[in-house]
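Beneath this line is the structure, given in structure tokens, with notes to follow.
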């Protein structure tokens, strides 16, 4: 398969397929047709078939999908079939909330460090990990293989932190700071910006135009 | 314009346009060509023109866009040109983090109530709002016009809370609980599910396939 052809829209849907399939496994479902999957996910069956065909299919005509197999294969495509190490920079409310977000561990993301500048937080346990001071970060990055850095610091401090991260070879940033990092990092560093207010604005749009729409999904 | 024709992809891009235009205003930019906007946003200029044409255009051939005017018009389309009242149910770390997320207030979302079941949180001030107990919610909903309910409670408690919300006429739910509410609510209730782990899985995908991609945006 030529991965360059995989569109961003497909990549956005894959985690949803993965999540739904995980729920099916938990409910003991072993096999599902693209029609049933379609109904649950509110995506057309042909869309599902088309999306999965990007990766070579996985279904047998008339037999539907083997849930556990498909879950495993999509997990491989997403790269969540192995453990990713992750640190959180910013141990405020959001940083702590993320650290305690149980789903990450289930998905194979392992938090190995939490950092902040606030001396009052030093040594505090967040999900059994001691908060370290930000000036300990360079040493930590030298000693540990960190794949993903989560950024929950104020906009003002973000750029300095990013310089440190990039200097020490971090290649993936999960960014909650209010700035678009894509413009500030080298092209080999992957940034996933989370703009919570954009999701709220979509809700506002749908609320404002509610008369014109039926039930939607996301 | 026929609003039914506006695709979900366009609706997802509108908040980004709005955010970028807001940043341009803050930097004192008064006019911008679709090419410049395109370069900043990493969306093709023709995509931008096409998106905005859904709403009747706003640009003048050869003159580009008036930033403040376009910002205002997109704000109207998004419905963020007026105040939306919002409550937060679940005053844990995530609920408190959201309450303190300054951007919401700037976008016209006003938090008027915060609720939890934990008696230790009763009366605690979160962004100058006293945390109330969940059993006070029905009375609160009778007395206040609440447009959006934010849900940051555990999966187990979510359904009961939703019943209360729907019974009292709430039409929009911003859902951080780990269940897909679309399947559980009447069709006139709008739900925006935020699945943070999906964004992390997209990062994982991009990290896994990094050799094949250049810089991306989101």
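Residue numbers (the numbering used here), protein chains in the order written: chain A, 30 to 247; chain B, 30 to 247.
For every residue, glycine included, the Cβ atom is placed at its ideal position computed from N, Cα and C.
Roughly how many angstroms separate the alpha carbons of residue 247 of chain A and residue 218 of chain B, rounded to a whole number? Low local confidence applies: a pLDDT of 46 at residue 247 of chain A is under 50, so the model's placement there is unreliable, with the coordinate-based value given in what follows. If you take the alpha carbons of residue 247 of chain A and residue 218 of chain B, they lie about 14 angstroms apart.
Residues of the stretch 103-128 of chain A in Cβ contact with chain B at a cutoff of 8 angstroms, in chain order, please. Residues passing the 8 angstroms Cβ filter: 106, 107, 108, 109, 113, 121, 122, 123, 125, 126 and 127.
Consider the Cβ of residue 247 of chain A: report whether some Cβ of chain B lies at a distance smaller than 8 angstroms. Unreliable positioning characterises residue 247 of chain A in this predicted model, as indicated by a pLDDT of 46, which lies under 50. The coordinate reading is nonetheless provided below. Chain B, which has a Cβ nearer than 8 angstroms to the Cβ of residue 247 of chain A, makes this yes.
Go through the stretch 140-169 of chain B residue by residue and report every complete run of the beta strand (DSSP E) that reaches 3 residues or more, in order. Given a length threshold of 3 residues, each whole run of the beta strand (DSSP E) inside the stretch 140-169 of chain B is given here in chain order: 158-162.
Any beta-carbon of chain B closer than 8 angstroms to the one on residue 47 of chain A? Chain B contact via Cβ: present.
Hey, residue 208 of chain A and residue 184 of chain A: beta-carbon distance below 8 angstroms or not? When the beta-carbon positions are compared, residue 208 of chain A and residue 184 of chain A come within less than 8 angstroms of each other.
Exposed or buried, which one is residue 117 of chain A when buried takes at least 16 other CB atoms within 10 Å? Counting Cβ neighbours within 10 Å, residue 117 of chain A comes out buried, since at least 16 surround it.
Looking only at C-alpha atoms, which of A:180, A:148 and A:74 sits nearest to residue 128 of chain A? When each option's Cα is compared against that of residue 128 of chain A, the closest is A:180.
Ranges of the alpha helix (DSSP H) found wholly within the stretch 69-136 of chain B, counting only runs of at least 4: Within the stretch 69-136 of chain B, the complete alpha helix (DSSP H) runs of at least 4 residues are 74-82, 96-107, 122-128 and 132-135.
What residues in its chain sit with their C-beta under 6 angstroms from that of residue 112 of chain A, if we drop five residues either side in the sequence? Hits under 6 angstroms: 137 and 139.
For residue 142 of chain A, collect the residues of the same chain with a Cβ closer than 6 angstroms to its Cβ; drop the 5 residues on either side in sequence, then sort them by chain order. Apart from the 5 residues on each side of it in sequence, residue 142 of chain A sits with its Cβ closer than 6 angstroms to the Cβ of 116 and 169 in its chain, given in chain order.
Considering only C-alpha positions, which residue in the set B:195, B:220 and B:215 is nearest to residue 206 of chain B? Of the listed residues, the one whose Cα sits closest to residue 206 of chain B is B:220.
Residues of its chain near residue 102 of chain B, where Cβ-Cβ distance is below 8 angstroms and the 5 sequence neighbours each way are ignored: Listed in chain order, the non-local C-beta contacts of residue 102 of chain B below 8 angstroms within the same chain comprise 84 and 87, local neighbours out to five positions each way being set aside.
Helix, strand or coil at residue 61 of chain B [DSSP, three-state]: Of the three classes helix, strand and coil, the one that applies to residue 61 of chain B here is strand, per DSSP.
Among all the DSSP beta bridges, which residues are the ones paired with residue 206 of chain B? Its beta-bridge partners do not exist; DSSP assigns none.
Please report the distance separating the alpha-carbon of residue 195 of chain A from that of residue 202 of chain A. The alpha-carbon atoms of residue 195 of chain A and residue 202 of chain A are separated by roughly 10 angstroms.
Between the C-alpha atoms of residue 15 of chain A and residue 157 of chain B, what's the straight-line distance to the nearest angstrom? The question about residue 15 of chain A has no answer here: the residues shown for chain A are numbered 30 through 247.
Are residue 8 of chain A and residue 74 of chain A close, meaning C-beta to C-beta below 8 angstroms? Shown here, chain A extends from 30 to 247; a query on residue 8 of chain A therefore has no answer.
Distance cutoff 8 angstroms, beta carbons only. Does residue 76 of chain A sit that close to anything in chain B? Chain B contact via Cβ: absent.
If you drop the 5 nearest sequence neighbours on each side, which residues of the same chain put their C-beta closer than 6 angstroms to that of residue 93 of chain A? Sequence-distant Cβ neighbours of residue 93 of chain A in its own chain, meaning closer than 6 angstroms and more than five residues away, are 60, 61 and 62.
As assigned by DSSP and simplified to three states, the class of residue 181 of chain B: The answer is coil: DSSP assigns residue 181 of chain B none of H, G, I, E or B.
Give me the DSSP bridge partner(s) of residue 201 of chain A. Under DSSP, residue 201 of chain A shares a beta bridge with A:177 and A:219.
Enclosing alpha helix (DSSP H) for residue 38 of chain B [first to last residue]: Start and end: 37-55.
Roughly how many angstroms separate the alpha carbons of residue 108 of chain B and residue 236 of chain A, rounded to a whole number? Their Cα atoms are separated by approximately 8 angstroms.
How many Å lie between residue 146 of chain A and residue 190 of chain A at the Cα? Looking at the two C-alpha atoms, the distance is approximately 11 angstroms.
Taking its Cβ as the centre, do 16 or more other Cβ atoms sit within 10 Å of residue 68 of chain B, making it buried, or is it exposed? By the neighbour-count rule (16 or more Cβ atoms within 10 Å), residue 68 of chain B is not buried but exposed.
Quick one: list the residues of chain B neighbouring residue 177 of chain A, beta-carbon separation under 9 angstroms, in chain order. Chain B residues near residue 177 of chain A: 229, 232, 233 and 236.
Below 7 angstroms on C-beta distance, what does residue 99 of chain A contact in chain B? The contacting residues do not exist; residue 99 of chain A stays about 15 angstroms from chain B at best.
For a cutoff of 8 angstroms on Cβ pairs, would you count residue 144 of chain B as touching chain A? False, the Cβ-Cβ gap to chain A never drops below 8 angstroms.
Enumerate in chain order the residues of its own chain whose CB-to-CB distance from residue 144 of chain B is below 6 angstroms, with the five nearest sequence positions on each side excluded. Apart from the 5 residues on each side of it in sequence, residue 144 of chain B sits with its Cβ closer than 6 angstroms to the Cβ of 118, 161, 163 and 166 in its chain, given in chain order.
Other residues of its chain near residue 35 of chain A: CB distance less than 6 angstroms, five sequence neighbours each side excluded: Excluding sequence neighbours, residue 35 of chain A sits near 83.
Taking its Cβ as the centre, do 16 or more other Cβ atoms sit within 10 Å of residue 124 of chain B, making it buried, or is it exposed? It is buried - the Cβ of residue 124 of chain B has at least 16 other Cβ atoms within 10 Å.
Can you list, in chain order, the residues of its chain whose CB lies under 6 angstroms from that of residue 110 of chain B, leaving out five sequence neighbours each side? Excluding the 5 residues flanking it on each side, residue 110 of chain B has same chain C-beta neighbours closer than 6 angstroms at 104, in chain order.
Counting only C-beta atoms, is residue 197 of chain B closer than 8 angstroms to chain A at any point? Against chain A, the CB of residue 197 of chain B has no partner CB under 8 angstroms away; the residue lies outside that interface.
With a cut-off of 8 angstroms, does the C-beta of residue 223 of chain A fall near any C-beta of chain B? It does; some Cβ of chain B falls within 8 angstroms.
Compute the Euclidean distance between the alpha carbons of residue 80 of chain A and residue 47 of chain A, then round it to the nearest angstrom. A direct Cα-to-Cα measurement between residue 80 of chain A and residue 47 of chain A gives close to 13 angstroms.
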